[in-house]
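Structure first, commentary second.
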Amino acid sequence: MKLVYIASRITASGGVSRILSQKLSALVEENGYEVIVVSTNDEKHNPFYEFHPKIRFHYIGGSFKSVTDVLRLYSILRGIVDHERPNWVMVTDNGFKAYFTPWFLKKHKVVFEIHGSKRFLFSSDYKSLKNRTMLAIVNFLAKRFHSIVLLNKAMCVEWKHKNIKVIPNYVERSKNVTSIPHSKRIIAIGRVVAEKGYVRMMDIFRKIHEKHPEWSLHVFGDLKDDAFCNSLLVGENDCVFFHGESTSVFSEIERADFLIHTSFHEGFSLVIAEALSLGRPVVAFDVPFVINSLVKNQETGFLIEDGDLNEFEKRMLDLIEQPELLVEMGAKASNSLKILEKTVVLKQWKSFFES
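Oh and the sequence shown: position 263 is 263 in full-length UniProt numbering, straight run, nothing missing.
Below, the structure written as structure tokens:
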């Protein structure tokens, strides 16, 4: 079985890169598949996360903003894929250019493996004429894929396709679930960009810090937007720490008491799943499309109506001021994700590829 994965910025520290490093390595190691990764928008040639040594890589640099750039991209892609002759071409790139893949690779079975929401493509004015036009184009192009793989059933509302398959991401569970350290550390993980909701995260934590100055917030994620990062830190230098990218996410989660997540939309939050698997409660806005299938409200954490900053603060204070609640939720969290076990999910992928 030979697979070609078309991804974007595999050298970055994002969640999709980490998911692919784990899953593709497992498909090679446990199923004996041959895997080739083609990464676009990449200037570097070294993946941030570790992949199985048998996986081969092709890197295609550039921003691909013009028609000429996109045509150049697909000329290169077609050459690679025609040479490799894979059983499946899997597309995880969620940029606009990715939707044209079936048109340029007509001789191959091309599958759209979706890790996020369509909203990624649009500005905040989701219903503007420009965005509605783009959405119509995207919906038309998406029908050309052989099939679409989604992470959960809730995501189906965004897609209309004759062949939709739901396969979640799995969680690499830690061998030992550590107890809550009571370190007075809160953790947040994700690219430091506006769409991840860091402005409202800082607004919430500022109020937390006024009441509990001994608590600190530790953020791990890509810090390439220095201006945005610096704007967040105004007046917060003694209690908020931006650590940049980390290859040891599990260790960082273990050092924290709980995780907060303020993103405006989310396909599958690997960090939420990992925090729960390590026995750490999660406080998150209940945004489309998967968080409420991971976090059980008032059992393994708190789901907050999107935009209700006061309620978010209140629930964080519940965990800070009630240590017994923190421990109770942590214990429930560590046993809450059986359906995301590695063996269960890999079996679903094997069935899909070999059907």
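In this text, a Cβ means the ideal position worked out from N, Cα and C, and glycines have one as well.
Inset, instruction - Could you check the C-alpha separation between Phe112 and Gln322 for me, to the nearest Å? - result: 44 Å
Inset, instruction - Please name the residue in Leu276, Glu245, Leu309 whose C-alpha comes closest to that of Lys332. - result: Leu276
Inset, instruction - Indicate whether Phe289 and Leu151 have their beta-carbon atoms separated by less than 9 Å. - result: yes
Legend entry - First and last residue of the uninterrupted alpha helix (DSSP H) at Ala26: 15 to 31
Legend entry - Cα-Cα separation, Phe285 to Arg85: 43 Å
Legend entry - Given 8 Å, three or more beta-carbon pairs between the segment 211 to 227 and the segment 186 to 196: Because the criterion of three Cβ pairs below 8 Å is met, the segment 211 to 227 and the segment 186 to 196 touch.
Legend entry - alpha helix (DSSP H) segment containing Ala275, residue limits: 270 to 277
Inset, instruction - Can you tell me which of the three DSSP states Val290 falls into? - result: coil
Inset, instruction - With a threshold of 16 other CB atoms inside 10 Å of the CB of His182, please say whether the residue is buried or exposed. - result: Residue environment for His182: exposed (fewer than 16 other C-beta atoms within 10 angstroms of its C-beta).
Inset, instruction - Determine the contact status of Ile260 and Ala188, defining contact as a CB-CB distance below 9 Å. - result: For Ile260 and Ala188, yes; Cβs fall inside 9 Å.
Legend entry - Among Gly116, Ile137, Asn292, Ile208, the one whose alpha carbon lies nearest that of Ile320: Ile208
Legend entry - Residues bridged to Met90 (per DSSP): Tyr5, Val111
Inset, instruction - Pull up the distance between the alpha-carbon of Asn94 and that of Ala7, whole angstroms please. - result: 8 Å
Inset, instruction - Identify every run of the beta strand (DSSP E) within the UniProt domain "Glycosyl transferase family 1" (181 to 334), keeping only runs that are complete inside it and at least 3 residues long; order them along the chain. - result: 185 to 189, 216 to 220, 240 to 244, 258 to 261, 282 to 285, 301 to 304
Legend entry - Where the beta strand (DSSP E) through Val157 begins and ends: Element bounds for Val157: n/a, residue is neither H nor E.
Inset, instruction - Taking Glu34 as part of the beta strand (DSSP E), name the residues at either end of that continuous run. - result: 34 to 40 is the span of the beta strand (DSSP E), which, as asked, contains Glu34.
Legend entry - Residue closest to Ile76, alpha-carbon to alpha-carbon, out of Phe104, Met90, Ser66, Gln348: Phe104
Inset, instruction - Would you list the one or two residues that DSSP bridges to His58? - result: In DSSP, His58 forms a bridge with Val38.
Legend entry - Closest residue to Gln22 among Thr247, Val287, Leu325 (Cα-Cα distance): Thr247
Inset, instruction - Taking 9 Å as the cut-off, decide whether the C-beta atoms of Cys239 and Leu217 are in contact. - result: yes
Legend entry - Start-to-end residues for the beta strand (DSSP E) that takes in Ser75: In the DSSP assignment, Ser75 falls outside any beta strand (DSSP E) and within the unbroken alpha helix (DSSP H) covering 67 to 84.
Legend entry - Residue of Thr92, Tyr198, Glu324, Thr343 minimising C-alpha distance to His115: Thr92
Legend entry - Beta-carbon proximity check, Gly197 vs Ser263, cutoff 9 Å: yes
Legend entry - Element boundaries [alpha helix (DSSP H), containing Lys347]: Run containing Lys347: 342 to 354, per the alpha helix (DSSP H) assignment.
Legend entry - Helix, strand or coil at residue 373 according to DSSP, with G and I counted as helix: The shown model of the chain, from 1 to 355, leaves out residue 373, and the question about it has no answer.
Inset, instruction - Compare the C-alpha of His58 against each of Glu354, Thr40, Lys2 and name the closest. - result: Thr40
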